[in-house]
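All remarks here apply to the structure that follows.
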Amino acid sequence: MSRVNFGAKPVMYPMPVLIIATYDENGVPDAMNAAWGIITDMNEISISMSEHKTTENLAKTGAFTVSIGTEDTVVACDYVGVESAKMALECKVKSFEDGILVGDIVNVNADESILTDGKIDPKKLKPISYDPVNNTYLAMGDKVGNAFKDGLKLK
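If you count the sequence shown from 1, position 78 lands on 77 in numbering that gives the first Met the number 0, and the numbers rise without skipping.
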C-alpha cells in the first residue's frame, strides 16, 4: 500500500475542542475556541493561541479556565459563546510567550451530572474533537482498551 504526502500541516488526531475563558479587569467574561492544546505536565496545560481579547485578559488577570467542548455544546463551541460547561480546568497563567500559553492547573471541576462512581464519565461528558482536514467536529468513540494494562500482554 502506498502513502500520500500532504506537506507540513497542523494535523493531529484527536484535537480537543477547548474553550478558553477569561474575565477582563471589569469582570466581563470572554471566551475563545482553541484546538491546539495539550497537557504537558502533571498540573500543566499548554495552548497555542493567536492574539485575541482572551489573550489581553490573560495578561491583565493571570487567570483562565479551560472547558471541554461536547456534543451538546457543539454549536455554542463553534460560535465560542459557551455559557456553562460540564467540565473545566481552572488555571493560572504560568507564561504566555510567542503565542504559547502555559498554565498551572489549580483545580478541575465537573458537573455532578457527568459523574459515575465519583469519576468523570466520558460517555456522559460526550467530548468532541476537531478534524483539521475536513473542518468538522467528531464525537468520541467507544472504549477500545485498558490503559496501563493491555500492553502488559506483550511482556
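Cβ coordinates follow ideal geometry from the N, Cα and C atoms, glycine included.
Note that the structure is predicted; figures quoted are calculated from it, not measured.
Quiz item: Mind checking whether Glu89 and Thr64 have CB atoms under 8 Å apart?
Solution: Along the sequence shown, one-based indexing puts residue 89 at 90. Along the sequence shown, one-based indexing puts residue 64 at 65. Taking 8 Å as the Cβ cut-off, Glu89 and Thr64 qualify as a contacting pair.
### Message
Report the start-end ranges of each alpha helix (DSSP H) in the stretch 33 to 63 that is 4 residues or longer and not cut off at the edges.
### Response
Counting whole runs of 4 or more residues, the stretch 33 to 63 contains the alpha helix (DSSP H) stretches 52 to 60.
- Task: Pick out whichever of Met31, Gly102, Asp141, Met14 has its Cα sitting closest to the Cα of Ala75.
- Result: Sequence index remark: in the sequence shown, residue 75 carries index 76 (1-based). Checked all of Met31, Gly102, Asp141, Met14; the closest Cα to Ala75 is Met31.
field: Cβ-Cβ distance between Ser45 and Gly36 below 8 Å
entry: As a working note, residue 45 is residue 46 in the sequence shown. As a working note, residue 36 is residue 37 in the sequence shown. Yes, they are a contact pair.
Margin query: Assuming Val16 and Ala34 are in contact, meaning their beta carbons sit under 8 Å apart, how far apart are those beta carbons, in whole angstroms?
Written below: Here residue 16 is taken as the residue at index 17 of the sequence shown, counted from 1. Here residue 34 is taken as the residue at index 35 of the sequence shown, counted from 1. About 6 Å separates the two Cβ atoms, so the contact holds.
### Message
With distance defined between alpha-carbon atoms, name the residue in Ala7, Met139, Gly150, Glu43 nearest to Pro121.
### Response
Translated into positions along the sequence shown, residue 121 becomes position 122. Nearest in C-alpha terms to Pro121, of all of Ala7, Met139, Gly150, Glu43, is Met139.
Kindly provide the ranges of any beta strand (DSSP E) runs that are 3 or more residues long and lie completely inside the stretch 73 to 101, ordered along the chain.
-> 86 to 96, all fully within the stretch 73 to 101.
| field | Own chain partners of Val79 with C-beta closer than 6 Å, once the 5 adjacent residues on each side are dropped | value | Counting from 1 along the sequence shown, the entry for residue 79 is found at position 80. These residues qualify, in order along the chain: Ala30, Met31, Asn32.
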